[in-house]
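Reviewing the structure listed below.
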Amino acid sequence: MKTILNLSLFLLSNFLSAQTIDSTAIRQVDSLIGVSRTLAAKSDFEQALEVNAEAEKIALEKLGRESAAYANCCNNRGTLMYYIGDYENVEKWWIEAKAIREEVLGKEHPDYAASLNNLAALYWSEGNYKEAESLYLEAIAIREKKQGKEHPDYAGSLSNLAALYDDMGAFEKAEIIYDEAIAIRRKMLGKEHPKYASSLNGLAILFMHMGAYEKAEPYYLEAKAIWEKTLGKEHPDYAKSLNNLAILYYQMGQYEKAEEYYLEAKAIIGKTLGKEHPEYAASLSNLANLYMDMGQYEKAEQCHLEAIAIRENALGKEHPEYAESLNNLAILYGYTAAFKKAELLFIETNAIREKILGKEHPEYANGLQNLAAICMDLKQYEKAEQLSLEAIAILEKTLGKENPNFASALSDLAENYSEVGKPESAEQIFLECKTIQENTLGKEHPDYVLSLNNLAGLYWNMGKYEMAEPLFLELSAVNKHSIEKSMHHLSERELNNYLNRFSQSQNQILSFAQNASSKKLIPVCYDNSLFYKGFLFKAASQVKRLSLSDSTTTEKYNLLKSYERRLAMEYSQPIAERDSAKAVELEEKANDLEKDLTRTVAGYGQAMRQVDWQEVQQALKPDEAAIEFVHYHYYDKKQTDSTMYSALLLRPGDEQPVFIPLFEEKQLAAAFAPGTKEQPSELLAQVYSRGAQPLKTAQLAGLYQLIWQPLDSLLSKTTTVYFSPAGLLHRINFGAIPFDKNQILSDKYRLVRLGSTRSLVVPDLTKNILTNSAALFGGIHYEMDSTATTRDTIENELLAARSGELSFAYADRSAPQRGDNWGFLSGTEKEVSQIQSLLQSSNFSSQVLSGENATEEAFKTLGKDNPSPRILHIATHGFFFPDPKEARSTGRGLREAEPVFKISDHPMIRSGLILAGGNYAWKNGKPLRPGMEDGILTAYEISQMDLSNTEIVVLSACETGLGDIQGNEGVYGLQRAFKIAGAKYLVMSLWQVPDQETSVFMTTFYKNWLQGKMAIPDAFRSTQQEMRERFVNPYQWAGFVLVE
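Read in this note's numbering, the sequence shown has 128 at position 143, and its numbers run on one by one without any break.
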């Protein structure tokens, strides 16, 4: 990637002719030019041009066109045009200045040399390297002869030539010349002069291009300090120092520092040079590359496209920087699997580079390397090999073997050999590549990590498990360390994108542990599950808790919540009516503020401390066990189309966890619907979707055989099992699974469902509950006019209850389409009334919100000005819709007129609760009156609330436990929303439980807890046992689960 160079310090000579023609006019012109330069240094280019025009007028009228003073005016105008980016006029004015100086002063005058120097910089920026080199050498010769080798101007010409040689790949020449220039400027100008800083900056750029990052950093930092002190923080040269430092940190894999410096530099350049200047484009391009590596592809593409447009307009299509922008966009398309788009852009890039740089330039080699990678993706292996070999030869000649770029080209070739069945050749090259990257980049750099991954995979493929195992162990440790560093400066959204980069290596590690029975890797797999499961949820929860506990950050956090509440309002609007620009602006503000809180909140690092399997084991009692279920895309040396489920079992006294492979995801889908003619992909889509439908109880035996039978023999001494589900296992109530004709798992074990078994170690940091208060929502009118309410037209709750042999399974059952209504739930009115009576007898103050009073406004007041209620009981319709992208991919398209709650890309918008008056907005896409809430409470809105004083949330209506299942984060829906809001326990339903059984379950639970003085988990399990004794059919009671 071409860096932003401090290309040239345009040396405007103060030399004044010794002529005696009107010395007053000469002084006037010189003075005005000085004022113009001062204004330019402050980035006031418009005023600078006006002052220069005044100087030109005086020079022409009193001294004539053929005068040194007018030549100085032309030179200064050209310089101002350069800063503005008007390159066509730059050449015109500098050529005129050169011609006048040659005529008036002669070819050996320092001012003539200055003109040569400036034109050389212009031609270099246009990609005309030969002409630039010739002019620089001519200027150096003049200055050496007339000013001597210790003159600052001579040193300036040396610095410029060195920078040119750096860009041409002549690194040895460049370093020698830089050393000479720095020595002269240090001696003649001192260590605090901007021009001395310029030479330091140039040498740092050279070292960075050479891959000598540790050498580059101190020079960059010294240059930055000098420019900040002498020029101030709003000068383009200071911005360049920030940009170059950012590039260095990006190359070193230190993304937090890189983004900070990129954004600061971009803001300064936009303010001082304008947003149509090539250097602003360079800032965008650099920032885009960073976002791409962080997995933020949409932001990256936006930055690249903007940079391309600026460079095409300012520089033209046959320019190295335009080619660079095409190259970077092509790389992005390669990352996102748009291979044909990438191939066309790489071909165009290479044609430009060959024409202007030649075939022996590192950037041309880089283009060949990128094109080879795309050919690999397109299975064109022979063509890819030829391109890689050509690139390697060029890079070895120009950069040498101890260089990261050379190592990268080697890696591509090794991957090719691995793919075509030449493992020995691939091994030799991968090892050489890994050694170079370790020496030049260090062990935490993404390129080194990629080499670890590639080499481990190769050894696995070759059957050399003993060679692969230590590499997978190192890979796991490096990945976690990188994430731990990044969590301190990324927002939740950005961290989510960043975490996605590590999913492939985690899939490989789990697959290798299963396939190779790796004894050393199995404990690491348990630790990884503790680390990755719910990582984003944990981070978001800790930022909230710590921000609200610190007076210095509370105000910032409340501002963040206000942004997110306004975003929720925008998200709820129909797409056609949404203010997209406002939404983007709010998203950026919220994102930046969240990142700031993550960086500054006290105690975040300690709160995010990771635990290991030994700590979990120490927390277990002799009759207890812990299980981490994991699911992963299975690799059998190479990636397959299977998703595997396994269990990591931990018991007291075990030497290490036990790895137990269980089943393929397709088998689980088939167990839900045995004998069906549907394809496994359709079954999976249904299971991942929503709703519940009856199934023969006998068919549940298949779930036991898949999920629990492999574990049962290992739990003979266990009575309590703490378990953390994964993937589709979130959809299952483990306690209801039968293991023989008469017993279910909850008869044999005390099963405790956790987000992660990490919870057994991490202390409970929720607030102490001080008030016995409750808020109960039920008997809600979904029409604003209560006379319009009808019996339930949506639910078919008795469908499954009419057969004693029916249990549960999952299928796609639609919630109301636009134009339909959510119906009144008569049983909920009685339910909340009974619960209120129970609470009053237990000395709870309770508030029932029903009818038209159960509004979204009323709900959102909870926890706002007073502590949230200890109990929050909600008996209403819940909704969840699957990812619209999945619906499209399975052919079950979405209608254009669907509610936004069904078609949103945001999973927390597609899940929620219906409150009073919600039918109007559901049908019309907007509230009854502008400014009022719409009665549709989304999970996203709930997550913005403060329910930290709430001990338990009970969601008694249908399917409130459903949501998108996203990797290690589990269920994105109401469950996640209430936990982020601060609730300690949640009771939710996985399917539709009939009214009568729901009411019995809830009242029994509250009696056990409040009157029986049981702990909430014990009260819940006791309730399930009582319900089972009363209602044999699990469908009538097992839909409810407790999440701790």
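The beta carbon of each residue, even a glycine, is placed where N, CA and C say it ideally should be.
- Per the Cβ contact rule, the stretch 813 to 830 is not in contact with the stretch 725 to 733 (fewer than 3 Cβ pairs under 8 Å).
- Burial is judged here by how many other beta carbons sit within 10 angstroms of a residue's own beta carbon; K251 has at least 16 and is buried.
- Annotation: L761 is outside any alpha helix (DSSP H); the continuous beta strand (DSSP E) that includes it extends over S758 to I765.
- Here DSSP, grouped into helix, strand and coil, assigns Y619 to strand.
- No Cβ-Cβ contact shorter than 8 Å links Q595 with L495.
- Under the three-state reduction of DSSP, A611 is assigned to strand.
- If you ignore the 5 residues before and after L45, its C-beta comes within less than 7 Å of the C-beta of Y55, all in its own chain and listed in chain order.
- Per DSSP, Q832 lies in no alpha helix (DSSP H) segment; the continuous beta strand (DSSP E) that holds it begins and ends at S830 to G836.
- When the five nearest sequence neighbours on each side are left out, the beta carbons in the same chain lying within less than 6 Å of the beta carbon of L372 are those of L353, L356 and A357, in order along the chain.
- As the crow flies, the alpha-carbon of G687 is around 27 Å from that of F866.
- Within the same chain, and ignoring the five residues on either side of V706 in sequence, the residues whose Cβ sits closer than 8 Å to its Cβ are E609, A610, A611, I612, L700, Y734, R735, L736 and V737.
- The beta carbons of M930 and L847 sit closer together than 8 Å.
- Buried is the label assigned to G720, since at least 16 other Cβ atoms lie within 10 Å of its Cβ.
- A direct Cα-to-Cα measurement between L605 and Y433 gives close to 39 Å.
- Under the DSSP definition of a beta bridge, A632 partners with F614 and I645.
- Just so you know, the alpha carbons of G133 and G196 end up roughly 34 Å apart.
- Look at the stretch 700 to 736 and you find these whole runs of beta strand (DSSP E), each 3 residues long or longer: 705 to 709.
- Beta-bridge pairing by DSSP links L971 to V938 and V1028.
- The alpha-carbon of L810 is positioned some 19 Å away from that of K908.
- In this structure K218 is exposed. Its beta-carbon is surrounded by fewer than 16 other beta-carbon atoms within 10 angstroms.
- The C-beta distance from Y349 to N401 rounds to 20 Å, too long to meet the 8 Å contact threshold.
- Residue state for L65 is assigned as helix, using DSSP reduced to three classes.
- Under the three-state reduction of DSSP, D71 is assigned to coil, being neither helix nor strand.
- Setting aside the 5 residues that flank it on each side, L185 is surrounded in the same chain by I167, Y204, E207 and A208, each with a C-beta closer than 7 Å to its C-beta; the list follows chain order.
- Contact between A924 and A962 holds: CB atoms are separated by about 4 Å, below the 8 Å threshold.
- Contact between the stretch 1019 to 1026 and the stretch 976 to 985 is present: 3 or more CB-CB pairs across the two stretches fall below 8 Å.
- In terms of Cβ geometry, E650 and L713 form a close pair [threshold 8 Å].
- Around the beta carbon of G63, 16 or more other beta carbons lie within 10 angstroms, which makes this residue buried.
- A contact is defined here as three or more CB-CB pairs under 8 Å, and the stretch 381 to 396 meets this definition with respect to the stretch 426 to 440.
- Taking the C-beta atoms as reference points, T813 is found nearer than 8 Å to G763.
- Per DSSP, the beta bridge partners of R738 are F708.
- Exposed is the label assigned to G175, since fewer than 16 other Cβ atoms lie within 10 Å of its Cβ.
- Residue pairing by DSSP leaves I379 without any beta bridge partner.
- The alpha-carbon separation between N446 and K622 amounts to approximately 5 Å.
- If the five residues before and after A759 are omitted, its C-beta is found closer than 6 Å to the C-beta atoms of L824, F829, S831, P854 and I856, all from its own chain and listed in chain order.
- Check the Cα spacing between N351 and each of K325, K47, A315 and E129: the tightest is with A315.
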